[in-house]
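Reviewing the structure listed below.
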Amino acid sequence: MRVLVVDDDPQILRALRINLTAHGYHVLVAADGAAALRVAADGHPDVVVLDLGLPDLDGIDVIEGLRGWTAVPIIVLSARTDSSDKVRALDAGADDYVTKPFGMAELLARLRAAVRRASAGSVDGDAVVDVGAFRVDLAAKRVARGDQEVHLTPTEWGILEMLVRHRGKLVGQRELLREVWGPTYGKETNYLRVYLAQLRRKLEPEPSRPRYLITEPGMGYRFDG
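Just so you know, we're using UniProt numbering here: the sequence shown kicks off at 1 and counts up by one.
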């Protein structure tokens, strides 16, 4: 069982590594948010223990980066006790929230519970999807063609992320509208035509003959890659 511990306090990292290793876990560590996303993408941990107060990224951003491609259980371990911080973390996709100072027995119990709840969950995809013509980094929320980063608007990214996460599967028009624009949308299919055309101009080698962003007439869209 692999645990990724993310904390900028070296004493906490050391203590958790020693205690979790003693209880049979294989421990991965990261001292900042960018490292956490890289280690998670490379190491595919079974559970993440995450501090919110990191030196580069806010922990909420790390949660959102992970949720772009993985359903791994995330336990927040933070000194922040305000209820608004807990709500933000849970809404972003965290599974549990433990405040510092904490007891090791409680943390271990919460780890076991989180892993049990996730044991019947979905299989994760890849953090980086490279189709040759372009590369989508779901964790970092970036797209590149070769060495050149492609600028996408938030709406364009929302559409692309949804399609890439359901790689090879049809995503219905209504489902896509509600995911990107909100639950009150469902009939504005002209929005999708406009934004898919923009995405194809930015990403497809031949926008008029799309290879990756496929339209299924009257039904929805599919990412092939």
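Virtual Cβ for every residue (Gly too), placed ideally from N, Cα, C.
- One Cα belongs to L196, the other to Y212, and the distance between them is close to 11 Å.
- Taking each of A94, H166 and G225 in turn and checking the Cα distance to E204, the smallest one comes out for G225.
- Straight across, the Cα-Cα distance linking W69 with A40 is about 10 Å.
- If you look at S208, you'll find it isn't in any beta strand (DSSP E); DSSP assigns it neither H nor E.
- Counted as a single uninterrupted DSSP element, the alpha helix (DSSP H) harbouring D61 occupies residues G59 to R67.
- Around the beta-carbon of E156, 16 or more other beta-carbon atoms lie within 10 Å, marking it buried.
- V48 is classed as buried because its beta carbon has at least 16 other beta carbons within 10 Å across all chains shown.
- Secondary structure remark: continuous alpha helix (DSSP H) runs of at least 4 residues inside the region 163–224, in chain order: 173–180 and 189–203.
- With at least 16 other beta carbons inside 10 angstroms of its own, V136 counts as buried.
- Under the DSSP assignment, V150 falls in the beta strand (DSSP E) whose first and last residues are Q148 to V150.
- If you ignore the 5 residues before and after E188, its C-beta comes within less than 8 Å of the C-beta of L177 and W181, all in its own chain and listed in chain order.
- Taking C-beta atoms as the reference points, Y97 and A89 count as a pair closer than 7 Å.
- Take G65, set aside five residues on each side of it, and the residues of its chain with a beta-carbon closer than 6 Å to its own are L37 and A139, in chain order.
- Taking a cut-off of 8 Å on C-beta distances, the region 45–63 touches the region 8–15, as three or more cross pairs fall below it.
- Taken through DSSP and simplified to helix, strand or coil, G53 comes out as strand.
- If you check the CB distance, I63 and I75 do not come in under 7 Å.
- Around the beta carbon of G146, fewer than 16 other beta carbons lie within 10 angstroms, which makes this residue exposed.
- In the three-state DSSP reduction, R145 falls in the strand class (E or B).
- Nearest in C-alpha terms to R67, of all of V115, D91, E149 and Q173, is D91.
- The Cβ atoms of A34 and D56 lie closer than 7 Å to each other.
- Residue range G33 to G43 is occupied by the alpha helix (DSSP H) that includes A41.
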